[in-house]
Structure formats: C-alpha cells, structure tokens
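Engineer: One structure is given below, represented as structure tokens, and several questions about it will come after.
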Amino acid sequence: MIYGDGFQGAAPGAIGWLIGEENKGLACMFTMMNNARLCVGMQGVAVAEAATQKAIAYANERRQGKASDFSGAGMAPIVHHPDVQRNLLTMKALTQIARAISYSCAYAIDFARVSTGEEAAHWRDRANLLTPLAKAFSTDIGVDVASLGVQVHGGMGFIEETGAAALYRDARIAPIYEGTNGIQAIDLVARKLPLGGGEHVHGYIAELKAIADEVRTSNLQGFGRTAEALDQAFDDLTEATRFLQKLLADGRLDEAQAGATPYLRLISLAAGGAYLARGGLAQQSRIALCRFFAENLLGEVSALKERVIDGAESLATAGKALITA
Numbered sequence: 004m005i006y007g008d009g010f011q012g013a014a015p016g017a018i019g020w021l022i023g024e025e026n027k028g029l030a031c032m033f034t035m036m037n038n039a040r041l042c043v044g045m046q047g048v049a050v051a052e053a054a055t056q057k058a059i060a061y062a063n064e065r066r067q068g069k070a071s072d073f074s075g076a077g078m079a080p081i082v083h084h085p086d087v088q089r090n091l092l093t094m095k096a097l098t099q100i101a102r103a104i105s106y107s108c109a110y111a112i113d114f115a116r117v118s119t120g121e122e123a124a125h126w127r128d129r130a131n132l133l134t135p136l137a138k139a140f141s142t143d144i145g146v147d148v149a150s151l152g153v154q155v156h157g158g159m160g161f162i163e164e165t166g167a168a169a170l171y172r173d174a175r176i177a178p179i180y181e182g183t184n185g186i187q188a189i190d191l192v193a194r195k196l197p198l199g200g201g202e203h204v205h206g207y208i209a210e211l212k213a214i215a216d217e218v219r220t221s222n223l224q225g226f227g228r229t230a231e232a233l234d235q236a237f238d239d240l241t242e243a244t245r246f247l248q249k250l251l252a253d254g255r256l257d258e259a260q261a262g263a264t265p266y267l268r269l270i271s272l273a274a275g276g277a278y279l280a281r282g283g284l285a286q287q288s289r290i291a292l293c294r295f296f297a298e299n300l301l302g303e304v305s306a307l308k309e310r311v312i313d314g315a316e317s318l319a320t321a322g323k324a325l326i327t328a
C-alpha cells in the first residue's frame, strides 16, 4: 500500500504507526538514519575496494615503457613505474582507512546496544562521533579512489568493458545520499564535538595517540617515521578541535561551519593513520603500507588544520561575490 491509497474510495487508506512518544519522532528517525548513513559509507568502501582491485590487476597486465627493476622481455608492466605504484598505494591506503573507520563506527553501535548505564552512554557518544566520518569520509574516498582507478587505466578507463568508469559514476551519488557530506561535516562540528561537555572527542584522540606510542616502543624499523608523523597529526587535530570548540562556545557558528568540511577530513586522516598503524602492529606485512601513508599522505593534516583555523575570513569575504539573491 502506498501513501494516499483509499483516500477517495472505500479502502481505509495507508495506516501510520506511532514510533516512540508523540512529537519525538525526529529523534527516532535520526537513530535509523545513523544506521543508514553507515550503510551508505560502506557503499563508498565497496566501490573503493572494487576500483583498487581492478586497477592493480590492470597495472600488472598493461605494458608500457622500461623499468629498472624489470628484467623480462619487452616493455615492463606499468605496475613497475613509481607513479603508478604511488596511485595504487594511495588507493589501498585510503580504502583501508575508510573501512577501518566504518568498522569502528559499527563496533560502537553494537556495543551501545548491548551495554548498560555509563558504558552504553559512552558507546552511543562514540557511534554519534564516528557516524559523520563513516558516511562522509568513506563516500568521498569512494569517489577519490574510483577516480584514481580511471587514471591508472589511462584511456582504457573510459572504455566500458573495464568497469573503471562505471565505478566512478556509481561512486558519485554516495556523497549526496542520506545527508550530503557538507551536512555531515556541520553535524560533526556543531553537534558531535560538544558531546560529553566537549571531552568525548579528546578521549578518542587520546586513544589514537596511544597507538602512536605503541609504534614508538615497538622498535620495529619498518615503521620509519610513522610515530613522528602520527604525533604531528594528533597535535594538529587537537589544536583544530579546541579551536572549533572555542568558536562554538563563543557563539561564532558561521566561522565554525566554515571549517567543518576540512575538519572532517582532518580527523578522518589522523584516525586512519592510527588504524593503519594498529594493523601494522598486529601483522608486520601491513607495516609497509602504514609507513607509505604516514610519510606520503598524512602531511595533508597540517594543511587542513590551517584551513580550519585561518580559512573562515577569506571564505566569507570571497563568498560575498557569489551572492546575487
């Protein structure tokens, strides 16, 4: 039965059932939406994984140019070229980060459901904090990784039989589903940073910092400068977080919202670096990818911090020229 059936006939029409208390439906809806947002985030993870697998397979088949580490006959598979390797490793790292954030969110949702009292409240806050990351960051990564997949395929990326272009097209709707990613970022800053009097997010950052400490004390040389890179990322994350919390406390919501989108990516990358490091501590075969991310991609966090702290005024000034209504 669809809405309105029977309105002008003998049938009773659609029946609505009250969920929860009267006039409290919005809160119930957002509980369901959190689950839906996590599911949309997993769409981003799935597209990213598919794009990565396709790109790696193609790069091992496609031959072009010479490579110093290839001794076979003829041209080398393009996977031997450093720039192709950089693209593929970026795809792998970002996909694994998005998956880890989404799993952490699902973990928090599950523990909130089975826990009681203060422990349940803690996991509810954690699920609420991570939901915007799981939805927005993962779907943004789905687009970014699918785009890199097309790049690795070169001109073949535009040929339908490879599937690379289809993945890119499919990925693009997910940042719009279930609340656009800009809305997710505003929700993170305006509603989730104040959780627990503003302390829950700092507890989460402390947990991530502990992983960096484990890397440092592990004395595993394969990590390279991972611990130092994580330390810098968490310093930047803490500074940006306290800056936004101060803006909220002062009632400067517009300025806080101006930094919301770069902040969401900032906290996601910093958390992702810690999750990759945790994987490396558990299984040494994962250390190389963790180090690649820490030494090649994690530096973006510092630039994002500057955008959070210094970007609002220039955004507002330049933005005025866009307004015609």
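Following the working numbering, the numbering of the sequence shown begins with 4 at its first residue and continues without gaps.
Where a beta carbon is used, it is the ideal one built from N, C-alpha and C, also for glycine.
These numbers come from a predicted model, not from an experiment.
1) If you scan the segment 183-270 from start to end, which runs of the alpha helix (DSSP H) of 4 or more residues do you find wholly inside it?
2) Specify, as a first and last residue, the run of the alpha helix (DSSP H) that S105 falls within.
3) Taking Cβ positions, are G160 and A149 nearer each other than 7 Å?
4) Report yes or no: do three or more beta-carbon pairs, one from the segment 273-282 and one from the segment 72-83, lie closer than 8 Å?
5) May I ask which residues mark the beginning and end of the alpha helix (DSSP H) holding W126?
6) Going by Cα to Cα distance, which pick from L191, I144 and I18 is closest to D128?
7) If contacts are defined as beta-carbon pairs under 8 Å, then A177 and G47 qualify, I think. What distance do you get, rounded to the angstrom?
8) Tell me, which residues are paired with P178 by DSSP?
9) For S107, tell me which candidate among I326, S271 and R294 has the shortest Cα-Cα distance.
10) Rounding to the nearest angstrom, what Cα-Cα distance links I18 and L307 in this structure?
11) Ordered along the chain, which non-local residues of its own chain (more than five positions away) have a Cβ less than 6 Å from that of V304?
12) Can you give me the C-alpha to C-alpha distance between V87 and K249, rounded to a whole angstrom?
13) Give me, in chain order, the residues of the same chain whose beta-carbon lies closer than 8 Å to that of F73; leave out the 5 immediate sequence neighbours on both sides.
14) Would you kindly work out how many angstroms separate the C-alpha atoms of I186 and A76, rounded to a whole number?
15) Taking Cβ to Cβ, would you say A232 is nearer than 7 Å to L301?
16) So does the segment 88-97 actually touch the segment 107-126, counting three or more Cβ pairs closer than 8 Å?
17) Beta carbon of A137, beta carbon of I189: below 7 Å?
18) Suppose contacts are defined by Cβ-Cβ distances below 7 Å. Is V43 in contact with Y180 by that definition?
19) Starting from R294 and walking both ways along the alpha helix (DSSP H), at which residues does that stretch end?
20) What does the alpha-carbon distance come out to for the pair N90 and L292?
21) If you scan the segment 140-167 from start to end, which runs of the alpha helix (DSSP H) of 4 or more residues do you find wholly inside it?
22) For I59, I'd like the list of residues in its chain whose CB is within less than 7 Å of its CB, leaving aside the five on either flank, ordered along the chain.
23) Helix, strand or coil, according to DSSP, for R66 in the structure here?
24) Since A62 contacts V155 with CB under 8 Å, what's their CB separation in whole angstroms?
25) Measure the alpha-carbon distance for D313 versus G200 and round it to whole angstroms.
26) The alpha helix (DSSP H) with S305 in it runs from where to where?
27) Answer yes or no: do L132 and K195 have a C-beta to C-beta separation smaller than 7 Å?
Structural biologist: Taking the structure as given:
1) 184-190, 203-221, 229-252 and 256-261
2) P85 to V117
3) no
4) no
5) G120 to P135
6) L191
7) 5 Å
8) In DSSP, P178 forms no bridge with anything.
9) S271
10) 49 Å
11) A236, D239, L269, L272 and A273
12) 43 Å
13) A79, P80 and H83
14) 53 Å
15) yes
16) no
17) no
18) yes
19) I290 to N299
20) 12 Å
21) 141-156
22) L91
23) strand
24) 6 Å
25) 25 Å
26) E303 to G322
27) yes
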